[in-house]
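Number of protein chains: 2
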Amino acid sequence: MEANAHTILVIDDEEDVVDLICFNLEKDGYVTLRALDGQTGVNLACQHRPSAIVLDLMLPGLDGFQVFEALRQDARTRHIPVLMVTAKAETADRIAGLKAGVDDYLTKPFSPKELVLRVKALLKWVPDQTGMVVESGPFYLDKSALCCYIDGEEVSLTSTEFRLLAMLVSREGETVTREDLIEHIWGASGNPSSRSLDTHLMRLREKLGADAALIKNVRGKGYRYHH
Amino acid sequence: MEANAHTILVIDDEEDVVDLICFNLEKDGYVTLRALDGQTGVNLACQHRPSAIVLDLMLPGLDGFQVFEALRQDARTRHIPVLMVTAKAETADRIAGLKAGVDDYLTKPFSPKELVLRVKALLKWVPDQTGMVVESGPFYLDKSALCCYIDGEEVSLTSTEFRLLAMLVSREGETVTREDLIEHIWGASGNPSSRSLDTHLMRLREKLGADAALIKNVRGKGYRYHH
DNA sequence: TGCCTGAGTGACAGTATCGTCACAGTCGTG
DNA sequence: CACGACTGTGACGATACTGTCACTCAGGCA
């Protein structure tokens, strides 16, 4: 159902726990990566840049905080939200975690459902993964794959339509001027007097079906996407 | 230290708790708003549009979920992150909260430090659009989106109407002269003897409905908006 | 009260902008 | 080459927005 190809990295030394977490995440359409120790976790994170990381505090070798530090050091992983999981219910640890910049915290025992929901909550704030994904409302646009999912279903867009939609969706709530759109799609050589933009927008709207209404015209200014 | 004075709304019926939370938030440089029941909370949220909301689940009158729903219904408060606080450690509630879209969850007893850190974590994701928004009374004008909300509902205005209303609302209480308004909308080439301004003002008032009364004419001088 | 001035209203026509369409050109592929 | 997918263009009608005018209405003043 979810075309949401978010990848979640789970770092925990207890294999049973990892299995449980991954099983539940996968059930929700996420792709999972597993690491049974800290160093592997850091390596996988750098290599695959997951959308979010579930990190156990107690680990052999590098512990959770060290892993977290390592992730924050690296430019490639600095912005990935981390959900820290621990057996300890102690407040001191929770504070230390949050202070260090951990994005959320969950204490064992937790229900798998809650974990999935917390991961989802973290992903909600992620603007666009590596700059390659734009997501808002019913739209999910993967710039690297140039594919577009609407309400979970793949819709084939031409490159012009894709750039148009990506521009509007990534600037949700803002009115994007005609000039900006033309500049973004055709560059400086774009012809503002032509009906090109309108035509492509019309073709795009046809493909969006009911969601076309989310793109509104602001007369004399441009267009605005709002979810 | 913080130039960015984020406002946090705290909704809880226990005054001691509110005091404690507010005290700690203020210590960190935040501006706080208090509400001791749900309805007050919703009203304050709509009125002041805080950067984040701390919401107790157990409230007299409207309960936490109802408050949350109300906040998500209103265009003015839809995007404000909510941290829900509850005495119950029960997983079912936590899940229900997260499922409904609550952005974070904290179980009593919690340390004030942790609460502040969690609020900070929520604010991390909030985009800052100060200066782009004019708001007062029932009006909410977003200059970047060029859209206008009245009592939480979107009202479509033409660009002239928008500029007119923005001018008046941003100079609340002041009598803005006809000349100033004409200058602001048409520039120096504006024609003061024309009935244009009156016509646009009339059209604007039609769209404002009952709130049209907030814009008063000052005979021989100009117009004044007062809430 | 009657006059004067400025403000509110409704109708109208001109203009700008938008949505849609048909058509033609380009490009890559089988 | 023929075909289809994609694109850019200009024509056209529909619509939204604007300014002007004539007229009415209301407040202030003698």
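Read top to bottom, the protein sequences are chains A and B.
With my numbering, the residue at position 93 of the first sequence is 93, and numbering never jumps.
So my numbering is basically just the index in the second sequence, starting at one, shifted up by 1000.
Each residue gets a CB set at the ideal place from its N, CA and C atoms; glycine is no exception.
Nonlocal neighbours in the same chain, by C-beta distance under 7 Å from Glu179(A), ignoring five residues either side: One-based indexing of the first sequence puts residue 179(A) at position 179. Closer than 7 Å at the Cβ level, and outside the excluded window around Glu179(A), lie Pro192.
Go ahead and pull the three-state DSSP assignment for Phe1110(B). Here residue 1110(B) refers to the residue found at position 110 of the second sequence. Coil.
Between Asp128(A) and Val134(A), what straight-line distance do the alpha-carbon atoms span, to the nearest angstrom? The sequence position of residue 128(A) within the first sequence is 128, counting from 1. The sequence position of residue 134(A) within the first sequence is 134, counting from 1. In this prediction, Asp128(A) scores a pLDDT of 44, lower than 50, which makes its location untrustworthy; the coordinate-derived value is nonetheless stated afterwards. Between Asp128(A) and Val134(A), the C-alpha separation is close to 5 Å.
What residue does the alpha helix (DSSP H) around Ala1166(B) start on, and which one ends it? Numbered from its first residue, the second sequence carries residue 1166(B) at position 166. For Ala1166(B), the uninterrupted alpha helix (DSSP H) run begins and ends at 1159-1170, by DSSP.
What are the start and end residues of the alpha helix (DSSP H) that includes Leu197(A)? Translated into the one-based positions of the first sequence, residue 197(A) becomes position 197. Where Leu197(A) is concerned, the enclosing alpha helix (DSSP H) stretches over 196-208.
At a CB-CB cut-off below 9 Å, which residues of chain A make contact with Ala1121(B)? Taking the first residue of the second sequence as 1, we reach residue 1121(B) at position 121. Those are Leu98, Gly101, Val102, Asp103, Asp104, listed as they occur along chain A.
Name the two residues that bound the continuous alpha helix (DSSP H) containing Arg72(A). The residue labelled residue 72(A) in the question sits at position 72 within the first sequence. It spans 64-73 - the alpha helix (DSSP H) in which Arg72(A) sits, taken as one unbroken run.
Count the other CB atoms within 10 Å of the CB of Met1084(B); is the residue buried (16 or more) or exposed (fewer)? Here residue 1084(B) is taken as the residue at index 84 of the second sequence, counted from 1. So Met1084(B) counts as buried.
What are the boundary residues of the alpha helix (DSSP H) that includes Lys1027(B)? As a first step, residue 1027(B) is located in the second sequence; it is residue number 27 there, counting from the start. It spans 1015-1027 - the alpha helix (DSSP H) in which Lys1027(B) sits, taken as one unbroken run.
Would you report the Cα separation of Leu1197(B) and Arg219(A), rounded to the nearest angstrom? Start at 1 with the first residue of the second sequence, and residue 1197(B) comes out as number 197. Start at 1 with the first residue of the first sequence, and residue 219(A) comes out as number 219. Using only the alpha carbons, I get a separation of about 20 Å.
At 7 Å on the CB atoms, spell out the chain A contacts of Leu1059(B), in chain order. Sequence index remark: in the second sequence, residue 1059(B) carries index 59 (1-based). Result: empty, since nearest Cβ-Cβ is about 22 Å, beyond 7 Å.
Along chain A, in chain order, which residues have C-beta atoms closer than 8 Å to that of Leu1146(B)? For the purposes of this step, residue 1146(B) is taken as residue 146 along the second sequence, with counting starting at 1. Residues of chain A passing the Cβ test: Thr175, Val218, Lys221, Arg224.
List the endpoints of the continuous beta strand (DSSP E) containing Gly1222(B). Translated into the one-based positions of the second sequence, residue 1222(B) becomes position 222. 1222-1225 is the extent of the beta strand (DSSP E) around Gly1222(B).
Lys1120(B) by DSSP, collapsed to three states: which one? Taking the first residue of the second sequence as position 1, residue 1120(B) is located at position 120. In this structure, Lys1120(B) counts as helix in the three-state DSSP scheme.
Who are the neighbours of Ser1170(B) on chain A, taking C-beta pairs under 9 Å? For the purposes of this step, residue 1170(B) is taken as residue 170 along the second sequence, with counting starting at 1. Per Cβ cutoff of 9 Å: no residues; Ser1170(B) is ~19 Å from chain A at best.
I need the straight-line Cα distance from Lys221(A) to Gly1029(B), nearest angstrom please. The residue given as residue 221(A) occupies position 221 in the first sequence. The residue given as residue 1029(B) occupies position 29 in the second sequence. Taking the straight line joining both Cα atoms gives about 39 Å.
Expected contact under 8 Å - CB spacing of Ser51(A) and Ile11(A) to nearest Å: Sequence index remark: in the first sequence, residue 51(A) carries index 51 (1-based). Sequence index remark: in the first sequence, residue 11(A) carries index 11 (1-based). Not confirmed; about 14 Å, so no contact.
Have a look at Val1054(B), Met1202(B), Trp1125(B), Glu1172(B) and flag the residue whose alpha-carbon is nearest the alpha-carbon of Leu1020(B). As a position in the second sequence, residue 1020(B) is number 20, starting the count at 1. Nearest option by C-alpha distance: Val1054(B).
Among Pro81(A), Tyr225(A), Ala212(A), which one has its Cα closest to the Cα of Leu123(A)? The residue you call residue 123(A) lines up with position 123 of the first sequence. That would be Pro81(A), whose Cα lies nearest to the Cα of Leu123(A).
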